[in-house]
Structures are given as structure tokens and as C-alpha cells.
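**Student:**
Protein chains in written order, with my numbering: chain E, 1 to 258; chain U, 1001 to 1239.
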């Protein structure tokens, strides 16, 4: 009888443990799907020529673009619920993805992109909200625009011209300044950091009217003048072969040696 | 005679081109029919007025003398055949030297004005257009032109530009307000934060410009901030 009681209590304990384990598993996978099931995945690969152009207009979410050595563009996107419509178009050498136009008037979730492009591609990306990141690209032009909030990170860029613009957020540029190129960085509030080689040749107009915080770092020289009560720096480095315009309405500007 | 017969022959009757018997019948009818009598009277008045020549058509009392007077006037307005040789020398193809000199000065003024405008547009960086230029940067020529009202001063240009931008902002603001209710909370918050930031910058520049209207950098930054606001509103009105 005692053995039987003991056996019964052991069975009872095992059953209770099993129930707890099962409930934990159910709870774990029950709580997780709200994210996992809510997200949709989009994958597509396009053959690309050397000077292909990628134009992406996102509503909200992060965009990461990386250069690679393959002659193709791979677009991967994670779509949060309610899922946005993603309809890439190929128009005479341009891969165009415009989520604003495709989803106008709809309530949609964030769309996070990871895109690989040939290194010599022209990259033109824009989003209303979210971070933008471009790396290892050296085509004719790189443009990254955030209409409102988000950071822009441009690393190992060797493009002929670069434009980066955001509202609230930081801008970081690490790359080369090509002779004859136009480089424009503009922010409403945040820090603009430019990491370029010391031998770079450019004409500079850097303006930080509110903070007057313009740190020229290794580019401080007699060829650079602080004007308008220190709110602007104008001058040139080297022969002044490229044009560099940096404007930060209510933030700082800093130059770093690459 | 009936009224119809009477009215048919009325014109000939007034011209004395009807037979005597018909004429007598018409007269008899006219004496008893007031309507036809009235018509006959009107007809007669019209015929009389046609027969009397109009005042304009009357020939002048002495047409030869009138023609001579006109001829004299025409001849007196033409070039005098006995003009002195100096006057002839001073005109080239019918233009006097004073006219030619005025034309040359006019051309020189216009071309120098075009050169100034062209050179300025070519050399100036895009951020320093006429809107953001200070009074100190104006040339004497431009100052004179703005004094006489031929061109607008940098301050006037800035004011005009601000008014234009404000109108554009109002337009896009309306569009945003129509769409705003459909946005997510995080989009709405981000939009509001950015608008606040821009408005704060605009307010700062406006205060500086009120103290120093000739601060070109603040003028330029104000213009830039307002352009940012337009871009922000336009971009979010598409959502």
C-alpha cells in the first residue's frame, strides 16, 4: 500500500511536471509568433550591369545596402504586419522599389531591407523614418535621404558624388573625396562626422549656425577661415578639386582622418 | 379697295407711277382707313428724307480752295528741300547723332546689366543667391537700381521668398492634416518632433534677423529651414 501510494505520488508529480513543461512550451511559442508570424519575408535577385542604379523609397524601417562582387542585385526584406506591398520594377537599368507610391493611403508596418548591389552601382535610397546604411559602394553617385528621423551611415564609399540628408539623427561618412565630385551633407539636428583621407582635395563650406561647433580636426589650416561669428567655415584643402558642403542647422560637424 | 391692295400700290402711288383710277381709289381708301393713311404718311417721310442730300454729302463751297489748303499742309510737313548742308551731315540714314548716341548708351547699359547678372549667377555658390545676399554685397549699380525701384533689394527679395514659402507650407499643411489620421502613432510622433525642431530653428533665425536684418547667414539658414519644412510636409502628405 505504501509502495502503491509512493508510485501514485511519483506519477502525479511526473504528470504535473509534464503539464508545466507543455504549458511553458505553449506559452513560449504562443508569445513569440506575434513577431515571427507577423513578419513576412521578401527575397528577389536581379541580374545587374556594372552601372546599375538602385532606387528605393521606403516608408519606415531600416535599409542596409552593401556592395559585392557579383553582377546581380539581391533584395531581401522583412515586412512587419500589416505587410506592405513590395513591387520592384526594372526600368532601363534601374531597379526601382517605391513603397510610398505602392502603399499610399494604407496603414503598413516597418519594412527592413538588406540589399546587395555590385560595387560600381549608383545607389539612391530614401525613407520617411528609419536608419539608412550604405557600405562598399564606389559608383557614380550615392544618395541617402531620411525625411524625418534616423541615422545615416556611409562606410567605405568611393562614389563620384554623395548626398546625405536627414532631419533628426547622425550622419557618418567614411570614404574618399573624388576630384570633381560634389559632396553634400545636411542635417537638422544631430552630429555630422566625416572621415576622409588627409590628402583629399576639396573646397569646403561647413555651417553650424546654432552650435558653432565645427571641428576641422586634421584639416585645420590657414586655408580654412571661420566666418560669420564662427558659424561657418569656408576654405579649401589641397587644390580644392571637389566641392564639399556640410550644413547642420542645430548640431555639430566633425572631421576625422581616414 | 382693300388694305392689302392699297399697301401693295402705296410706293408707286407716292412716286406718281399709278394710273389715275388707281390713284383715286387709293386716295379714297386712305381717307377712310387710318392704318393705311399712317403707313402712307411714314412712307412719304422716308422718301422725303432720302431725297434731301445729307449734310456730309454736300460739296464744300469752294472745293478747289480746300484741296489747295490740304496740299500746302502736306508739303510743309515733308523735308525742306533747301535744308542747310550741316544738318544733312549730322544725320545717318535719317537718325540724328543724338538719337544714335542715346541708342548706344542704352545698349551699353543693358549689356552691362546682363553681364553683371550673368557673372553673378555663374560664380556665386547656390546657397548665396540674391535672396540671402546682404545689403553690403550689393554693387553701387544695384543699389541705384533698387533705389529707383528697377530691382528689389536683398531684404525685399527675402521677404517675397518667405511669403512664397509660407504659402507653399500652408498648402502642404492642409494636405498633411487630411492624411494625418491614417498614420501610425510612431509616424505621427516622428513627424511632430521634426516639425517642432524646424519651427524652433525658424524662430531662432527670425529673431536674429529682426535684430540684424543684414545677417546674410541667418537669412540663408531661414530659407533652408523653410525648404526643409516644405520637403517634410510634402513627403508626409504622400503617406
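Ideal placement from N, C-alpha and C gives every residue a C-beta, glycine not left out.
Quantities reported herein were computed from a predicted structural model and do not represent experimental measurements.
Count the other C-beta atoms from every protein chain shown that fall within 10 angstroms of the C-beta of residue 1205 (chain U), then say buried if there are 16 or more, exposed otherwise.
**Tutor:** Numbered from 1 along the second chain, position 205 holds the residue referred to as residue 1205 (chain U). Buried, by the Cβ-count rule.
**Student:** Give me the chain E residues within the contact set of residue 1191 (chain U), using Cβ-Cβ distance strictly less than 8 angstroms, ordered along the chain.
**Tutor:** Position 191 of the second chain holds residue 1191 (chain U). The contacting residues are 148.
**Student:** How many angstroms separate the CA atom of residue 1229 (chain U) from the CA atom of residue 69 (chain E)?
**Tutor:** Taking the first residue of the second chain as 1, we reach residue 1229 (chain U) at position 229. Taking the first residue of the first chain as 1, we reach residue 69 (chain E) at position 69. Looking at the two C-alpha atoms, the distance is approximately 40 angstroms.
**Student:** Let me know the beta strand (DSSP E) ranges lying completely inside the stretch 120-184 of chain E, each 3 residues or longer, listed in chain order.
**Tutor:** List check, beta strand (DSSP E) in window: 122-129, 132-137, 141-146, 152-157, 161-168 and 171-175.
**Student:** Decide if the stretch 131-142 of chain E is in contact with the stretch 58-75 of chain E; the criterion is three or more beta carbon pairs, one per stretch, under 8 angstroms apart.
**Tutor:** Enough Cβ pairs lie closer than 8 angstroms, so yes.
**Student:** Can you list the residues of chain U that residue 105 (chain E) reaches, using a CB-CB cut of under 9 angstroms?
**Tutor:** Translated into positions along the first chain, residue 105 (chain E) becomes position 105. Residues of chain U passing the Cβ test: 1179, 1182 and 1239.
**Student:** Within the 7 angstroms Cβ cut-off, does residue 1185 (chain U) reach chain E?
**Tutor:** The residue labelled residue 1185 (chain U) in the question sits at position 185 within the second chain. Not an interface residue.
**Student:** Using only the alpha-carbon positions, how far apart do residue 219 (chain E) and residue 198 (chain E) sit?
**Tutor:** If you number the first chain from 1, residue 219 (chain E) lands on position 219. If you number the first chain from 1, residue 198 (chain E) lands on position 198. Cα to Cα, residue 219 (chain E) sits roughly 7 angstroms from residue 198 (chain E).
**Student:** Hey, residue 1225 (chain U) and residue 1207 (chain U) are a contact pair by Cβ (cut 8 angstroms); roughly how many whole angstroms apart?
**Tutor:** Taking the first residue of the second chain as 1, we reach residue 1225 (chain U) at position 225. Taking the first residue of the second chain as 1, we reach residue 1207 (chain U) at position 207. The pair is not a contact, with the Cβ atoms about 13 angstroms apart (cut-off 8 angstroms).
**Student:** Rounded to the nearest angstrom, what separates residue 1024 (chain U) and residue 1014 (chain U) at their Cα positions?
**Tutor:** Sequence index remark: in the second chain, residue 1024 (chain U) carries index 24 (1-based). Sequence index remark: in the second chain, residue 1014 (chain U) carries index 14 (1-based). Cα-Cα distance, rounded: 12 angstroms.
**Student:** Looking at C-alpha atoms only, which residue of U:1030, U:1200 and U:1017 is the closest neighbour of residue 1003 (chain U)?
**Tutor:** Position 3 of the second chain, counting from 1, holds the residue named residue 1003 (chain U). Here the closest residue by C-alpha is U:1030.
**Student:** Decide if the stretch 147-157 of chain E is in contact with the stretch 107-116 of chain E; the criterion is three or more beta carbon pairs, one per stretch, under 8 angstroms apart.
**Tutor:** No, they do not touch.
**Student:** Do the CB positions of residue 201 (chain E) and residue 175 (chain E) come within less than 7 angstroms of each other?
**Tutor:** In the first chain, counting from the first residue as 1, residue 201 (chain E) sits at position 201. In the first chain, counting from the first residue as 1, residue 175 (chain E) sits at position 175. Not in contact: residue 201 (chain E) and residue 175 (chain E) (Cβ atoms no closer than 7 angstroms).
**Student:** Assuming residue 204 (chain E) and residue 236 (chain E) form a contact by the criterion Cβ under 8 angstroms, report the distance between their Cβ atoms to the nearest whole angstrom.
**Tutor:** The residue you call residue 204 (chain E) lines up with position 204 of the first chain. The residue you call residue 236 (chain E) lines up with position 236 of the first chain. That belief holds up - the Cβ atoms of residue 204 (chain E) and residue 236 (chain E) are roughly 6 angstroms apart, short of 8 angstroms.
**Student:** Against chain E, with Cβ distances strictly below 7 angstroms, would residue 1194 (chain U) count as a contact?
**Tutor:** Locating residue 1194 (chain U) in the second chain gives position 194, counting from the first residue. Yes, contact with chain E.
**Student:** Answer yes or no: does any C-beta atom of chain E fall closer than 7 angstroms to that of residue 1162 (chain U)?
**Tutor:** Numbered from 1 along the second chain, position 162 holds the residue referred to as residue 1162 (chain U). Closer than 7 angstroms: no.
**Student:** CB residue 212 (chain E) to CB residue 225 (chain E), shorter than 7 angstroms?
**Tutor:** As a first step, residue 212 (chain E) is located in the first chain; it is residue number 212 there, counting from the start. As a first step, residue 225 (chain E) is located in the first chain; it is residue number 225 there, counting from the start. Contact flag unset, no.
**Student:** Do residue 1217 (chain U) and residue 221 (chain E) have their C-beta atoms closer together than 7 angstroms?
**Tutor:** Working through the second chain from its first residue, we reach residue 1217 (chain U) at position 217. Working through the first chain from its first residue, we reach residue 221 (chain E) at position 221. No, they are not a contact pair.
**Student:** Leaving out the 5 sequence neighbours to the left and right, which residues in its chain are closer than 7 angstroms to residue 167 (chain E) when beta-carbon positions are compared?
**Tutor:** Working through the first chain from its first residue, we reach residue 167 (chain E) at position 167. Cβ within range, chain order: 146, 147, 148, 149 and 188.
**Student:** With a threshold of 7 angstroms between beta carbons, is residue 1217 (chain U) in contact with chain B?
**Tutor:** The structure shown contains no chain B; its protein chains are E and U.
**Student:** Quick check on this structure: which residue in E:93, E:104 and E:132 has the alpha carbon closest to the alpha carbon of residue 112 (chain E)?
**Tutor:** Here residue 112 (chain E) refers to the residue found at position 112 of the first chain. That would be E:132, whose Cα lies nearest to the Cα of residue 112 (chain E).
**Student:** Where does residue 1022 (chain U) fall in DSSP's three states?
**Tutor:** In the second chain, the residue the question calls residue 1022 (chain U) occupies position 22. Three-state DSSP puts residue 1022 (chain U) in a helix.
**Student:** Answer yes or no: does any C-beta atom of chain U fall closer than 7 angstroms to that of residue 34 (chain E)?
**Tutor:** Sequence index remark: in the first chain, residue 34 (chain E) carries index 34 (1-based). Per-residue confidence for residue 34 (chain E) stands at a pLDDT of 40, beneath the threshold of 50, marking its modelled position as unreliable; no derived number is given.
**Student:** Please confirm if residue 1101 (chain U) has its CB atom under 7 angstroms from at least one CB of chain E.
**Tutor:** Start at 1 with the first residue of the second chain, and residue 1101 (chain U) comes out as number 101. Closer than 7 angstroms: no.
**Student:** For residue 1001 (chain U), which residues in the same chain have their Cβ closer than 6 angstroms to its Cβ, ignoring the five residues on either side in sequence?
**Tutor:** Here residue 1001 (chain U) is taken as the residue at index 1 of the second chain, counted from 1. Contacts found: 1025 and 1029.
**Student:** How about residue 1221 (chain U): is its C-beta nearer than 7 angstroms to some C-beta of chain E?
**Tutor:** Sequence index remark: in the second chain, residue 1221 (chain U) carries index 221 (1-based). It does; some Cβ of chain E falls within 7 angstroms.
**Student:** Could you tell me the alpha carbon to alpha carbon distance between residue 209 (chain E) and residue 55 (chain E), rounded to whole angstroms?
**Tutor:** Residue 209 (chain E) sits at position 209 when you count from the first residue of the first chain. Residue 55 (chain E) sits at position 55 when you count from the first residue of the first chain. When rounded, the distance between both Cα atoms is 32 angstroms.
**Student:** Please compile the residues from chain E whose C-beta is within a distance smaller than 8 angstroms of the C-beta of residue 1203 (chain U).
**Tutor:** For this step, residue 1203 (chain U) is matched to residue 203 along the second chain. Per Cβ cutoff of 8 angstroms: no residues; residue 1203 (chain U) is ~11 angstroms from chain E at best.
**Student:** Does the beta-carbon of residue 1095 (chain U) have 16 or more other beta-carbons within 10 angstroms, so that it is buried, or is it exposed?
**Tutor:** In the second chain, the residue the question calls residue 1095 (chain U) occupies position 95. Exposed is the call here.
**Student:** Provide the residue span of the alpha helix (DSSP H) that contains residue 1225 (chain U), from first to last.
**Tutor:** The count along the second chain starts at 1 and reaches residue 1225 (chain U) at position 225. Residue 1225 (chain U) -> alpha helix (DSSP H) spans 1216-1237.
**Student:** Taking Cβ positions only, does residue 187 (chain E) come closer than 7 angstroms to chain U?
**Tutor:** As a working mapping, residue 187 (chain E) is identified with position 187 in the first chain. No, residue 187 (chain E) lies away from the interface with chain U (no Cβ there is under 7 angstroms from its Cβ).
**Student:** Output, in sequence order along the chain, the residues in the stretch 195-226 of chain E whose CB is closer than 8 angstroms to any CB in chain U.
**Tutor:** Flagged, chain order: 205, 207, 209 and 210.
**Student:** Taking 7 angstroms as the threshold (beta carbon to beta carbon), is residue 1235 (chain U) in contact with chain E?
**Tutor:** Start at 1 with the first residue of the second chain, and residue 1235 (chain U) comes out as number 235. Judged by the 7 angstroms Cβ criterion, residue 1235 (chain U) is in contact with chain E.
**Student:** To the nearest angstrom, how far is it from the Cα of residue 173 (chain E) to the Cα of residue 1103 (chain U)?
**Tutor:** The residue labelled residue 173 (chain E) in the question sits at position 173 within the first chain. The residue labelled residue 1103 (chain U) in the question sits at position 103 within the second chain. Approximately 58 angstroms, taken between the alpha carbons.
**Student:** With DSSP as the reference, identify every bridge partner of residue 56 (chain E), one or two as the case may be.
**Tutor:** As a working note, residue 56 (chain E) is residue 56 in the first chain. Answer is E:97 and E:125.
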